[in-house]
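For the record, the sequence lines run as chains A and B. Here the first sequence stands for residues 1 to 228, where the numbers follow my numbering. Here the second sequence stands for residues 229 to 456, where the numbers follow my numbering. Input: a single structure, listed below in structure tokens.
Number of protein chains: 2
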Amino acid sequence: LIVLEGIDKTYDMGKAHQVKALVDLTMRVSSGDYIAIMGPSGSGKSTLMNIIGCLDTPTSGNYIFEGREISDCSEDELAHIRNIKIGFVFQVYNLLPRSPALANVELPLIYSGVPRDERKQRATETLTAVGMGERVKHKPSELSGGERQRVAIARALINKPSIILADEPTGNLDTKTSGEIMAIFDRLNEEGNTIIVVTHDPEIAEHTKRLVLLRDGQIQSDEEIKSR
Amino acid sequence: LIVLEGIDKTYDMGKAHQVKALVDLTMRVSSGDYIAIMGPSGSGKSTLMNIIGCLDTPTSGNYIFEGREISDCSEDELAHIRNIKIGFVFQVYNLLPRSPALANVELPLIYSGVPRDERKQRATETLTAVGMGERVKHKPSELSGGERQRVAIARALINKPSIILADEPTGNLDTKTSGEIMAIFDRLNEEGNTIIVVTHDPEIAEHTKRLVLLRDGQIQSDEEIKSR
Ligand SMILES: Nc1ncnc2c1ncn2[C@@H]1O[C@H](COP(=O)(O)OP(=O)(O)OP(=O)(O)O)[C@@H](O)[C@H]1O
Ligand SMILES: Nc1ncnc2c1ncn2[C@@H]1O[C@H](COP(=O)(O)OP(=O)(O)OP(=O)(O)O)[C@@H](O)[C@H]1O
Ligand SMILES: [Mg+2]
Ligand SMILES: [Mg+2]
Numbered sequence: 001l002i003v004l005e006g007i008d009k010t011y012d013m014g015k016a017h018q019v020k021a022l023v024d025l026t027m028r029v030s031s032g033d034y035i036a037i038m039g040p041s042g043s044g045k046s047t048l049m050n051i052i053g054c055l056d057t058p059t060s061g062n063y064i065f066e067g068r069e070i071s072d073c074s075e076d077e078l079a080h081i082r083n084i085k086i087g088f089v090f091q092v093y094n095l096l097p098r099s100p101a102l103a104n105v106e107l108p109l110i111y112s113g114v115p116r117d118e119r120k121q122r123a124t125e126t127l128t129a130v131g132m133g134e135r136v137k138h139k140p141s142e143l144s145g146g147e148r149q150r151v152a153i154a155r156a157l158i159n160k161p162s163i164i165l166a167d168e169p170t171g172n173l174d175t176k177t178s179g180e181i182m183a184i185f186d187r188l189n190e191e192g193n194t195i196i197v198v199t200h201d202p203e204i205a206e207h208t209k210r211l212v213l214l215r216d217g218q219i220q221s222d223e224e225i226k227s228r
Numbered sequence: 229l230i231v232l233e234g235i236d237k238t239y240d241m242g243k244a245h246q247v248k249a250l251v252d253l254t255m256r257v258s259s260g261d262y263i264a265i266m267g268p269s270g271s272g273k274s275t276l277m278n279i280i281g282c283l284d285t286p287t288s289g290n291y292i293f294e295g296r297e298i299s300d301c302s303e304d305e306l307a308h309i310r311n312i313k314i315g316f317v318f319q320v321y322n323l324l325p326r327s328p329a330l331a332n333v334e335l336p337l338i339y340s341g342v343p344r345d346e347r348k349q350r351a352t353e354t355l356t357a358v359g360m361g362e363r364v365k366h367k368p369s370e371l372s373g374g375e376r377q378r379v380a381i382a383r384a385l386i387n388k389p390s391i392i393l394a395d396e397p398t399g400n401l402d403t404k405t406s407g408e409i410m411a412i413f414d415r416l417n418e419e420g421n422t423i424i425v426v427t428h429d430p431e432i433a434e435h436t437k438r439l440v441l442l443r444d445g446q447i448q449s450d451e452e453i454k455s456r
């Protein structure tokens, strides 16, 4: 489904000072994989997720998505991948600050041309599924940290994407609410969807089937999780 | 040191719909306390921290800080409390987006009138203490989630406040880096400072001496942690 080969991502900070966020990274993802990515703060996890999600481009290396090299894709093809095929839960939520939760979750459905009444109904259902049914009218500034995180999760799932990329989706959630979110991801994976979760929490990683460890921009290990 | 009595915080969402974020909350904090606040997402933890930190005012109830009722304080007195007496680590970091990490951490020292060279030196030392010595020139958008969190922590500590309020300071940090941050907080508490940490992680709470559990805006329990 996804092949990353020899991916480098380097930032130039001027005056010969470079940050190598990813170094010669190679990784394959098959359809239906359920992967946890862990590693120290600053090790390159979000950078990797942004490249997989076609939100950022590598400095060098190949990214082949469903058999197609991403750097050859048109802007329309990339927009389709980002908005329809992939659902992305950002580490920093990225919600529209002046829109209520409901409008934020409806946004991807506007892109895919769903009519207004159906949009409102599906957005309400998805918000309810993540425990946010009582907060649909609140703007992001009127929500707690964990509530904003759940709105971001609902928005990522609403277009029923077959690939879900979640960058620390439970960082601001208590244990019970984390468990509810992971139950949603577990069920989506059982239904055949591909899920990649960045997490710092080993208990979250235990829901997945494969653990990729990053360190200093490189893959330290990439192993099946045997305890399941 | 701090007395909260009968604190209510209610948001009016129009059309007779109210959110009661805090309900009749009473709590005392003594100098040198080391408190963890836990509770479900949306239970009122950040709202409580914002009131303790004088960043928000209760709808009703009393807040007595060092013997003085906060609602009687002048704007200057409040600014002194917020900037000198209290160090606040926000759940959403609140860094200046166009300033590098160093300038962000220097900001409280500008408020307290520290000269330029000393500011730069102290900010560099504090950033190094939280593992960010290599990233002092990066702006927030050029930092990872956990790196931004650590810049926010450095900024909260730089004025050597005697009261530290940290709202989920390790939510985006790996286990090792979390341990380094908690070691800093442990040491500051041993030196006599008062520390209140909101967390979803029981391992973080184990560093503290007292656990306050919130649920639906009310204190469910307030107990010493005996395992230490
Ligand atoms: N725009 C940028 N310019 C320069 N350096 C950057 C930029 N963006 C990220 N970095 C650096 O790249 C490294 C990797 O960042 P990344 O966000 O991928 O880390 P991460 O593994 O997600 O960390 P965390 O667990 O803290 O979220 C970090 O050290 C960061 O400072
Ligand atoms: N400005 C506001 N207007 C309306 N409701 C609000 C506002 N700010 C917060 N709330 C509501 O108040 C409740 C408590 O919010 P708070 O941020 O204190 O929760 P929290 O315990 O910190 O949660 P988390 O663990 O998710 O950060 C939430 O249910 C939230 O929706
Ligand atoms: Mg990250
Ligand atoms: Mg909060």
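Heads up, the beta-carbon is just placed ideally off N, CA and C, and yes, glycines get one too. Everything numeric in this text was worked out from a predicted model, so none of it was measured.
is_contact[residue i, chain A] using C-beta, thresh 8 angstroms
| i | result |
| --- | --- |
| residue 240 of chain B | no |
| residue 370 of chain B | yes |
| residue 261 of chain B | no |
| residue 192 of chain B | Because chain B in this structure spans residues 229 to 456, residue 192 of chain B falls outside the shown range and cannot be described. |
| residue 456 of chain B | In this prediction, residue 456 of chain B has a pLDDT of 48, which is less than 50 and means its spatial position is unreliable; nothing more can be read from the coordinates. |
| residue 270 of chain B | yes |
| residue 348 of chain B | no |
7 angstroms CB neighbourhood of residue i in its chain, flanking five on each side removed
| i | result |
| --- | --- |
| residue 229 of chain B | 257, 258, 259, 294, 422 |
| residue 172 of chain A | 145, 146, 149 |
| residue 104 of chain A | 95, 96, 151, 155 |
| residue 454 of chain B | none |
| residue 354 of chain B | 333, 382, 385, 386 |
Where residue i falls, given that 16 or more other Cβ within 10 Å makes a residue buried
| i | result |
| --- | --- |
| residue 356 of chain B | exposed |
| residue 443 of chain B | exposed |
| residue 340 of chain B | exposed |
| residue 395 of chain B | buried |
| residue 192 of chain A | exposed |
| residue 456 of chain B | Because the pLDDT at residue 456 of chain B is just 48, under 50, the model does not fix this residue reliably, and the value given afterwards should be weighed accordingly. Under this definition residue 456 of chain B is an exposed residue. |
| residue 239 of chain B | exposed |
| residue 91 of chain A | buried |
| residue 74 of chain A | exposed |
| residue 430 of chain B | exposed |
| residue 46 of chain A | buried |
| residue 6 of chain A | exposed |
Other residues of its chain near residue i: CB distance less than 6 angstroms, five sequence neighbours each side excluded
| i | result |
| --- | --- |
| residue 231 of chain B | 256, 292 |
| residue 56 of chain A | 50 |
| residue 406 of chain B | 398 |
| residue 87 of chain A | 156, 157, 161, 164 |
| residue 189 of chain A | 34, 195 |
| residue 412 of chain B | none |
Three-way DSSP call (helix, strand, coil) for residue i in this model
| i | result |
| --- | --- |
| residue 38 of chain A | strand |
| residue 228 of chain A | With a pLDDT of only 48 at residue 228 of chain A, under 50, the local geometry of the prediction cannot be trusted, and the value read off the model is given with reservation. Coil, per DSSP. |
| residue 360 of chain B | coil |
| residue 344 of chain B | helix |
| residue 326 of chain B | coil |
| residue 304 of chain B | helix |
| residue 434 of chain B | coil |
Contact set for residue i: own chain, Cβ-Cβ below 8 angstroms, skip 5 residues either direction
| i | result |
| --- | --- |
| residue 17 of chain A | none |
| residue 360 of chain B | 329, 375, 378, 379, 382 |
| residue 449 of chain B | 439, 440, 441 |
| residue 321 of chain B | 368, 376, 377, 379, 380 |
| residue 219 of chain A | 25, 26, 27, 212, 213 |
| residue 347 of chain B | 334, 337, 338 |
| residue 311 of chain B | 336, 339, 340, 387 |
Residues that residue i bridges to, as DSSP identifies them
| i | result |
| --- | --- |
| residue 237 of chain B | B:250 |
| residue 69 of chain A | A:64 |
| residue 87 of chain A | A:164 |
| residue 451 of chain B | B:439 |
| residue 256 of chain B | B:231 |
| residue 422 of chain B | B:391 |
| residue 218 of chain A | A:215 |
Residue-level contact to chain B via CB, residue i, 8 angstroms cutoff
| i | result |
| --- | --- |
| residue 87 of chain A | no |
| residue 177 of chain A | yes |
| residue 200 of chain A | yes |
| residue 270 of chain A | One cannot answer for residue 270 of chain A here, as it falls past the ends of chain A, which runs 1 to 228. |
| residue 20 of chain A | no |
| residue 9 of chain A | no |
| residue 91 of chain A | yes |
| residue 216 of chain A | no |
| residue 147 of chain A | yes |
| residue 189 of chain A | no |
Chain E within 8 angstroms of residue i, Cβ atoms only
| i | result |
| --- | --- |
| residue 343 of chain B | Protein chains A and B are contained in the structure displayed, whereas chain E is not. |
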